[in-house]
Amino acid sequence: MKNTLLVALLTLSMVLNVLLAFYPFASPTASSTRASTGFAPGHAAALSGVSSTSADTILWSAPKSPQDLPSIVANLRAAGFPPSAVRAIINQLLNERYDPSTLTANLPFWKRSYPSPELVAARQKMQDERTAQFEALLGADARPSAALDPKQRKQRFGDLPDDKVDAISRIEQDYSGISSLATAEAKGDMTLSMEQRRVLEKEKLADLQALLTPDQLEQYQMRNSSSAHSVKSAVSKIDLTEVEYAELYRAKKQFDEQTPQLTTFSAELWAQRTAKQQVLNEQARATLGESRFYTYLAASDYLYAQVAQLSKKHPSVTPAVSYQLYQLQTEAQQAMSTIGADKSVPAGQRGSATQAMMTAYAGKLNALVSPEVAEAYKKSPGGSMFAAFDRSLENAQPTGK
Amino acid sequence: MKNSLPILLALSLGLNTALALYQFNRSSSNAPLTAQASAVASAKKTSGTTKSASAPAALEPIKWHAPKTDHDLQLVVADLRAAGFPPSALRAVVAQTLRDRLRENYPDPDRPYWKSFDWSPESVAARQKRETEELKQSEALLGREALPSATLSQADREQRYGKLSDEKIDALSKIERDYNQISMAAFATRNGSLIALDYAAFKKEQDTINTAKLADVAAIMTPEELAQYEMRTSDSARKLMRSIQTIDLNESEYAALYQAQKRYDDAQPNPTDGNYTAEMMAQRTAAQQALNEQARAVLNDDRFYQYLKLADSNYGRVAKFTGTYPEITPATSYALYQLHTEASNAMQQLSQSARNQTGASPQQRMLDRQTMAANYETKLLTLVGPQVAEAYKKDPAGRIFSSLSRMAKPPSTRGN
Numbered sequence: 017m018k019n020t021l022l023v024a025l026l027t028l029s030m031v032l033n034v035l036l037a038f039y040p041f042a043s044p045t046a047s048s049t050r051a052s053t054g055f056a057p058g059h060a061a062a063l064s065g066v067s068s069t070s071a072d073t074i075l076w077s078a079p080k081s082p083q084d085l086p087s088i089v090a091n092l093r094a095a096g097f098p099p100s101a102v103r104a105i106i107n108q109l110l111n112e113r114y115d116p117s118t119l120t121a122n123l124p125f126w127k128r129s130y131p132s133p134e135l136v137a138a139r140q141k142m143q144d145e146r147t148a149q150f151e152a153l154l155g156a157d158a159r160p161s162a163a164l165d166p167k168q169r170k171q172r173f174g175d176l177p178d179d180k181v182d183a184i185s186r187i188e189q190d191y192s193g194i195s196s197l198a199t200a201e202a203k204g205d206m207t208l209s210m211e212q213r214r215v216l217e218k219e220k221l222a223d224l225q226a227l228l229t230p231d232q233l234e235q236y237q238m239r240n241s242s243s244a245h246s247v248k249s250a251v252s253k254i255d256l257t258e259v260e261y262a263e264l265y266r267a268k269k270q271f272d273e274q275t276p277q278l279t280t281f282s283a284e285l286w287a288q289r290t291a292k293q294q295v296l297n298e299q300a301r302a303t304l305g306e307s308r309f310y311t312y313l314a315a316s317d318y319l320y321a322q323v324a325q326l327s328k329k330h331p332s333v334t335p336a337v338s339y340q341l342y343q344l345q346t347e348a349q350q351a352m353s354t355i356g357a358d359k360s361v362p363a364g365q366r367g368s369a370t371q372a373m374m375t376a377y378a379g380k381l382n383a384l385v386s387p388e389v390a391e392a393y394k395k396s397p398g399g400s401m402f403a404a405f406d407r408s409l410e411n412a413q414p415t416g417k
Numbered sequence: 007m008k009n010s011l012p013i014l015l016a017l018s019l020g021l022n023t024a025l026a027l028y029q030f031n032r033s034s035s036n037a038p039l040t041a042q043a044s045a046v047a048s049a050k051k052t053s054g055t056t057k058s059a060s061a062p063a064a065l066e067p068i069k070w071h072a073p074k075t076d077h078d079l080q081l082v083v084a085d086l087r088a089a090g091f092p093p094s095a096l097r098a099v100v101a102q103t104l105r106d107r108l109r110e111n112y113p114d115p116d117r118p119y120w121k122s123f124d125w126s127p128e129s130v131a132a133r134q135k136r137e138t139e140e141l142k143q144s145e146a147l148l149g150r151e152a153l154p155s156a157t158l159s160q161a162d163r164e165q166r167y168g169k170l171s172d173e174k175i176d177a178l179s180k181i182e183r184d185y186n187q188i189s190m191a192a193f194a195t196r197n198g199s200l201i202a203l204d205y206a207a208f209k210k211e212q213d214t215i216n217t218a219k220l221a222d223v224a225a226i227m228t229p230e231e232l233a234q235y236e237m238r239t240s241d242s243a244r245k246l247m248r249s250i251q252t253i254d255l256n257e258s259e260y261a262a263l264y265q266a267q268k269r270y271d272d273a274q275p276n277p278t279d280g281n282y283t284a285e286m287m288a289q290r291t292a293a294q295q296a297l298n299e300q301a302r303a304v305l306n307d308d309r310f311y312q313y314l315k316l317a318d319s320n321y322g323r324v325a326k327f328t329g330t331y332p333e334i335t336p337a338t339s340y341a342l343y344q345l346h347t348e349a350s351n352a353m354q355q356l357s358q359s360a361r362n363q364t365g366a367s368p369q370q371r372m373l374d375r376q377t378m379a380a381n382y383e384t385k386l387l388t389l390v391g392p393q394v395a396e397a398y399k400k401d402p403a404g405r406i407f408s409s410l411s412r413m414a415k416p417p418s419t420r421g422n
């Protein structure tokens with residue numbers, strides 16, 4: 017009996033020994049929070065020159081040269097650091113090694129924000145080297161597709177496979193670098209800068225076309241192009257289906273392609289642009305129907321948004337009336353521009369033709385809104401043209417009247 | 007065997023005790039996080055170096071386990087410190103981990119890609135809450151190592167803050183962050199669109215915010231520090247830095263130009279609806295002329311013309327045109343630009359008096375316009391000669407002289 021008790025106690029004690037000896041591994045939940053979640057200490061068995069202390073634990077060893085970085089990556093991975101943490105650490109180390117601010121550090125503070133093309137080129141070279149080293153160190157974990165948050169990826173790239181996401185990211189990065197260089201080379205010349213940007217956009221598009229199927233390219237552009245950004249901003253306050261969005265996007269894309277951004281517009285170019293804007297608006301109205309259309313327009317067309325401000329003080333100016341006022345305004349601008357450009361009108365008749373046009377549009381305005389609203393509109397930025405019509409017509413009246 | 011049982015039991019119980027003590031000690035050494043970090047820090051001090059590899063005895067090798075709670079994250083940070091990770095690597099891991107966790111705790115709403123542009127007040131508030139939470143946790147975990155003064159590179163710090171102390175840099179960063187959030191929230195409440203914006207209300211609100219921000223900034227700095235900070239970061243400074251990108255200048259020249267630019271910006275008319283009236287335009291043109299002359303006094307050589315190309319877009323357009331005529335010097339370009347401005351002002355004034363129906367009769371005004379137009383056409387010819395004058399009238403930059411030419415002719419001959 018006594019022996020049986022001793023054997024039982026001994027067995028129990030030995031089981032306890034085993035449990036205590038393997039405590040962190042055998043009983044993660046029974047020990048402490050750290051065993052399951054923090055860092056579990058291992059046994060230091062330092063390898064020469066690197067920071068690994070055993071197969072799966074790590075001590076930090078500051079990298080003294082680029083040659084130390086691969087062992088840091090290997091040791092972090094061996095110690096169980098997840099790819100996102102390894103990426104973050106390596107990114108930080110590379111940021112310190114390839115710090116672009118060091119290139120301009122010897123310049124006075126007022127010269128650093130607009131570095132010379134040579135400095136921008138040097139910064140780009142540094143960035144390229146950094147990217148190459150990042151990829152060499154992390155391999156597949158360095159791929160943009162590996163680092164993207166799934167929701168953001170879906171928003172930006174839809175269902176594109178990893179290799180295409182990576183290739184697009186590379187194209188974007190390349191053109192971003194080239195664009196920075198072009199901006200620096202333009203030395204503040206906005207016209208030149210815009211011309212260069214247009215050329216680069218074309219080249220970038222060609223690269224994307226070579227990479228993606230036509231359907232993939234459209235999906236990508238519907239998510240990321242400047243036309244897409246404009247439409248997404250304009251529809252932020254309305255609900256719409258993907259089909260409706262696609263229609264709006266295609267119309268906007270066509271408009272943007274036909275009316276490139278310029279630093280200055282002649283009256284003729286401005287008239288052409290507003291005519292195309294009218295076409296675009298009508299396409300949007302057909303897609304969205306009346307109610308959503310006005311909300312969309314207030315967020316997409318500055319001139320309409322200005323006119324629509326009138327409704328704050330004049331409730332009779334409904335969105336539909338604002339739209340009619342806006343249309344009247346753009347029509348009058350086009351009519352002015354047409355008369356100015358029409359060389360066939362004899363000089364002596366141009367004045368009377370202009371007066372007739374002004375009289376007609378002044379009448380249209382009075383027919384559209386009440387006298388009170390018409391006066392308020394003429395004092396607003398959009399309606400100042402109608403105030404000018406009034407003055408011109410008054411000045412043209414024979415004296416003594 | 008019978009006799010050995012008590013001995014074996016005693017040995018086993020002894021081993022039980024030893025293992026229990028060992029585990030207890032290990033657990034204790036890990037639990038008081040700050041104490042452990044202090045121990046590592048003091049070990050580093052003792053060894054006289056901050057390099058972790060040189061003090062291996064004080065360091066604790068680690069193995070990663072994904073943190074799931076705030077407490078886990080505290081343990082992670084303590085362990086990374088104990089293993090000798092430098093603050094920058096620590097910050098990188100913490101930032102990544104916090105972002106991942108906060109994304110889980112405050113997930114972005116599922117929305118189709120065409121609805122990704124969301125500036126609703128609710129969404130902006132949610133984003134700001136997440137940012138604030140990340141910052142708060144980061145500071146709680148890393149202490150001073152999370153503060154901006156600790157994270158800036160030396161070059162960036164010098165560029166933005168000059169010689170300001172850590173405390174002031176951190177206080178300034180907080181003010182900048184707070185007011186940025188206030189501005190964003192105000193923007194979101196006002197439609198979140200620059201197009202559909204009630205400009206007057208938005209401008210008033212932004213002015214109030216900017217005034218309050220400046221007062222807060224001024225409260226933590228000496229006047230000299232504030233002046234230095236503004237010379238580095240204000241809107242006036244940013245405009246000036248763009249204008250001087252193609253020229254070299256010393257610090258006193260920069261300071262003089264900055265003061266002139268600031269005076270110009272401060273005196274700008276403030277249109278309530280975002281659109282300049284004719285009076286405001288005239289006021290602005292006069293102020294621009296005064297600024298240009300101040301800049302010419304500072305940059306009393308060809309640098310002035312280089313500066314002016316970017317500082318004044320009207321001169322920039324004129325200079326671009328004259329750039330194709332090697333015989334036209336920068337000084338003549340500047341004279342042409344001044345003539346252009348003068349003619350624009352004169353036309354504006356005539357239009358204004360017509361608008362207000364003050365002064366002369368309409369017939370007299372027409373005669374005045376013809377005289378004025380002829381006068382400016384003569385000045386243009388005298389300045390650049392007939393060939394360049396004709397080319398200038400056809401260039402978009404010189405359109406006003408084209409109008410003046412038409413105006414100078416009697417109505418019956420216009421358009422021919």
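Just so you know, the sequences run in chain order A and B.
Last residue of the first sequence: 417 in our numbering, with the numbers rising by one and none dropped.
Last residue of the second sequence: 422 in our numbering, with the numbers rising by one and none dropped.
Note that CB positions come from ideal geometry on N, CA and C, so glycine has one too.
Predicted, not measured: the structure shown is a model, and the values here were computed from it.
(1) Would Gly-90(B) count as contacting chain A if we go by Cβ distances under 7 Å?
(2) In chain B, which residues lie less than 7 Å from Arg-128(A) when you measure between Cβ atoms?
(3) Mind checking if Met-286(B) is an interface residue toward chain A, Cβ cutoff 7 Å exclusive?
(4) Within 6 Å: the Cβ of Leu-296(A) and any heavy atom of the ligand ZN?
(5) In terms of alpha-carbon separation, which member of Pro-154(B), Leu-232(B) and Leu-305(B) lies closest to Asn-256(B)?
(6) Fully enclosed by the region 178 to 230 of chain A, which alpha helix (DSSP H) runs are 4 residues long or longer?
(7) Please name the residue, chosen from Ser-129(A), Leu-123(A), Ala-162(A) and Glu-217(A), that lies closest to Ala-276(A) on a Cα-to-Cα basis.
(8) Mapping DSSP to helix, strand and coil, what is Thr-75(B)?
(9) What residues from chain A crowd round Glu-257(B), counting only those whose CB sits closer than 7 Å?
(10) Could you compute how far the alpha carbon of Met-374(A) sits from the alpha carbon of Glu-201(A)?
(11) Are any of the Cβ atoms in chain A nearer than 7 Å to that of Pro-336(B)?
(12) Report the residue from Val-295(A), Thr-120(A) and Gln-288(A) whose alpha carbon sits nearest the alpha carbon of Ser-159(B).
(13) For Met-237(B) versus Ser-129(A), is the C-beta distance shorter than 7 Å?
(14) I'd like the list of long-range same chain contacts for Tyr-320(A), defined as Cβ closer than 6 Å, with 5 residues on each side in sequence excluded.
(15) Helix, strand or coil for Glu-134(A), going by three-state DSSP, please let me know.
(16) For the alpha helix (DSSP H) containing Asp-172(B), list its first residue and its last residue.
(17) Return the CA-CA distance between Trp-76(A) and Ser-94(B), expressed in angstroms with no decimal places.
(18) Could you give the first and the last residue of the continuous alpha helix (DSSP H) run that contains Asn-111(A)?
(19) Report, in whole angstroms, the separation of the C-beta atoms of Ser-179(B) and Pro-154(B), which I expect to be a contact under 8 Å.
(20) Among the candidates Tyr-261(A), Val-337(A), Arg-407(A) and Lys-167(A), whose CA atom is the shortest distance from the CA of Ala-383(A)?
(21) Note down, in chain order, every chain B residue with its Cβ under 8 Å from the Cβ of Thr-290(A).
(22) Near Ile-226(B), which residues of its chain fall below 8 Å by C-beta distance, leaving aside the five closest residues on each side in sequence?
(23) Could you compute how far the alpha carbon of Leu-233(A) sits from the alpha carbon of Leu-224(A)?
(24) Using the beta-carbon of each residue, which ones in chain B are nearer than 7 Å to Phe-97(A)?
(25) Tell me which residues share the same chain as Gln-312(B) and place their Cβ nearer than 7 Å to its Cβ, disregarding the 5 neighbours each side in the sequence.
(26) For the putative contact between Ala-287(A) and Gln-340(A), defined by C-beta atoms under 8 Å, what is the C-beta separation to the nearest angstrom?
(27) For Thr-354(A) and chain B, any beta-carbon pair shorter than 7 Å?
(28) What residue does the alpha helix (DSSP H) around Ala-156(B) start on, and which one ends it?
(29) On the criterion of 16 or more Cβ atoms from any shown chain inside 10 Å, does Ala-89(B) qualify as buried, or is it exposed?
(30) So, are the CB atoms of Leu-110(A) and Phe-150(A) less than 7 Å apart?
(31) With a 10 Å radius around its C-beta and 16 neighbouring C-beta atoms as the bar for buried, classify Thr-13(A) as buried or exposed.
(32) Using the C-alpha atoms, what's the distance from Gly-398(A) back to Leu-278(A)?
(33) For the structure I just gave you, are there three or more beta carbon pairs, one from the region 70 to 79 of chain B and one from the region 94 to 105 of chain A, closer than 8 Å?
(34) Using a C-beta cutoff of 7 Å, does Pro-127(B) count as contacting chain A?
(35) To the nearest angstrom, how far is the alpha carbon of Gly-404(B) from that of Tyr-398(B)?
(36) Is there at least one Cβ from chain B nearer than 7 Å to Gln-171(A)'s Cβ?
For this structure:
(1) The residue you call residue 90(B) lines up with position 84 of the second sequence. Chain A, which has a Cβ nearer than 7 Å to the Cβ of Gly-90(B), makes this yes.
(2) Within the first sequence, numbered from 1, the residue matching residue 128(A) stands at position 112. Near Arg-128(A) (Cβ distances below 7 Å), the residues of chain B are Gln-165.
(3) In the second sequence, counting from the first residue as 1, residue 286(B) sits at position 280. No, Met-286(B) does not count as interfacial toward chain A.
(4) Judged by which ligands are present, the structure shown has none, so any question about the ligand ZN falls away.
(5) Start at 1 with the first residue of the second sequence, and residue 256(B) comes out as number 250. Comparing Cα-Cα distances from Asn-256(B) to each of Pro-154(B), Leu-232(B) and Leu-305(B), the minimum goes to Leu-305(B).
(6) 178 to 202 and 206 to 227
(7) The residue you call residue 276(A) lines up with position 260 of the first sequence. Here residue 276(A) turns out to be Pro, not Ala, going by the sequence shown. Comparing Cα-Cα distances from Pro-276(A) to each of Ser-129(A), Leu-123(A), Ala-162(A) and Glu-217(A), the minimum goes to Glu-217(A).
(8) To locate residue 75(B), count along the second sequence from 1; it is residue 69. Three-state result, Thr-75(B): coil.
(9) As a first step, residue 257(B) must be located in the second sequence, where it is residue number 251. Going along chain A in sequence order, the residues near Glu-257(B) (Cβ under 7 Å) are Pro-124.
(10) As a first step, residue 374(A) must be located in the first sequence, where it is residue number 358. As a first step, residue 201(A) must be located in the first sequence, where it is residue number 185. Each residue's Cα considered, the two are about 47 Å apart.
(11) Counting from 1 along the second sequence, the entry for residue 336(B) is found at position 330. It does not; no Cβ of chain A falls within 7 Å.
(12) The count along the second sequence starts at 1 and reaches residue 159(B) at position 153. When only C-alpha atoms are compared, the closest one is Thr-120(A).
(13) The residue given as residue 237(B) occupies position 231 in the second sequence. The residue given as residue 129(A) occupies position 113 in the first sequence. The answer is no: Cβ separation not under 7 Å.
(14) Taking the first sequence and counting its residues from 1, the one referred to as residue 320(A) is at position 304. Leu-313 and Tyr-342.
(15) Numbered from its first residue, the first sequence carries residue 134(A) at position 118. Glu-134(A) falls in the helix class under three-state DSSP.
(16) For the purposes of this step, residue 172(B) is taken as the residue at position 166 of the second sequence. Unbroken alpha helix (DSSP H) run through Asp-172(B): 172 to 195.
(17) Residue 76(A) sits at position 60 when you count from the first residue of the first sequence. Residue 94(B) sits at position 88 when you count from the first residue of the second sequence. The alpha-carbon atoms of Trp-76(A) and Ser-94(B) are separated by roughly 12 Å.
(18) As a working note, residue 111(A) is residue 95 in the first sequence. Segment 99 to 113, the alpha helix (DSSP H) holding Asn-111(A).
(19) Against the second sequence, residue 179(B) aligns to sequence position 173. Against the second sequence, residue 154(B) aligns to sequence position 148. Ser-179(B) to Pro-154(B), Cβ: 4 Å. Contact.
(20) In the first sequence, counting from the first residue as 1, residue 383(A) sits at position 367. Out of Tyr-261(A), Val-337(A), Arg-407(A) and Lys-167(A), Val-337(A) has the C-alpha closest to the C-alpha of Ala-383(A).
(21) Taking the first sequence and counting its residues from 1, the one referred to as residue 290(A) is at position 274. Going along chain B, no residue has its Cβ under 8 Å from Thr-290(A), so there is no contact; the nearest lies around 16 Å.
(22) Stepping through the second sequence from its first residue, residue 226(B) is reached at position 220. For Ile-226(B), where only same-chain residues beyond five positions count, the Cβ hits under 8 Å are Lys-174, Ala-177, Leu-178 and Ile-181.
(23) If you number the first sequence from 1, residue 233(A) lands on position 217. If you number the first sequence from 1, residue 224(A) lands on position 208. Using only the alpha carbons, I get a separation of about 7 Å.
(24) The count along the first sequence starts at 1 and reaches residue 97(A) at position 81. Simply Trp-70.
(25) Against the second sequence, residue 312(B) aligns to sequence position 306. Excluding sequence neighbours, Gln-312(B) sits near Thr-252 and Ile-253.
(26) Counted from its first residue, the first sequence places residue 287(A) at position 271. Counted from its first residue, the first sequence places residue 340(A) at position 324. That belief does not hold up - the Cβ atoms of Ala-287(A) and Gln-340(A) are roughly 19 Å apart, past 8 Å.
(27) Start at 1 with the first residue of the first sequence, and residue 354(A) comes out as number 338. Output row for Thr-354(A): interface = no.
(28) As a position in the second sequence, residue 156(B) is number 150, starting the count at 1. Ala-156(B) -> alpha helix (DSSP H) spans 154 to 157.
(29) Position 83 of the second sequence, counting from 1, holds the residue named residue 89(B). Its Cβ being crowded by 16 or more others within 10 Å, Ala-89(B) is buried.
(30) Locating residue 110(A) in the first sequence gives position 94, counting from the first residue. Locating residue 150(A) in the first sequence gives position 134, counting from the first residue. In contact: Leu-110(A) and Phe-150(A) (Cβ atoms closer than 7 Å).
(31) Beyond the ends of chain A as shown, which are 17 and 417, falls residue 13(A); an answer cannot be given.
(32) Start at 1 with the first residue of the first sequence, and residue 278(A) comes out as number 262. Start at 1 with the first residue of the first sequence, and residue 398(A) comes out as number 382. Computed Cα separation, rounded: 21 Å.
(33) yes
(34) Position 121 of the second sequence, counting from 1, holds the residue named residue 127(B). Answer no: the Cβ-Cβ gap between Pro-127(B) and chain A never drops below 7 Å.
(35) Mapped onto the second sequence, residue 404(B) falls at position 398. Mapped onto the second sequence, residue 398(B) falls at position 392. Cα-Cα distance, rounded: 5 Å.
(36) Indexing the first sequence from 1 puts residue 171(A) at position 155. Yes, Gln-171(A) counts as interfacial toward chain B.
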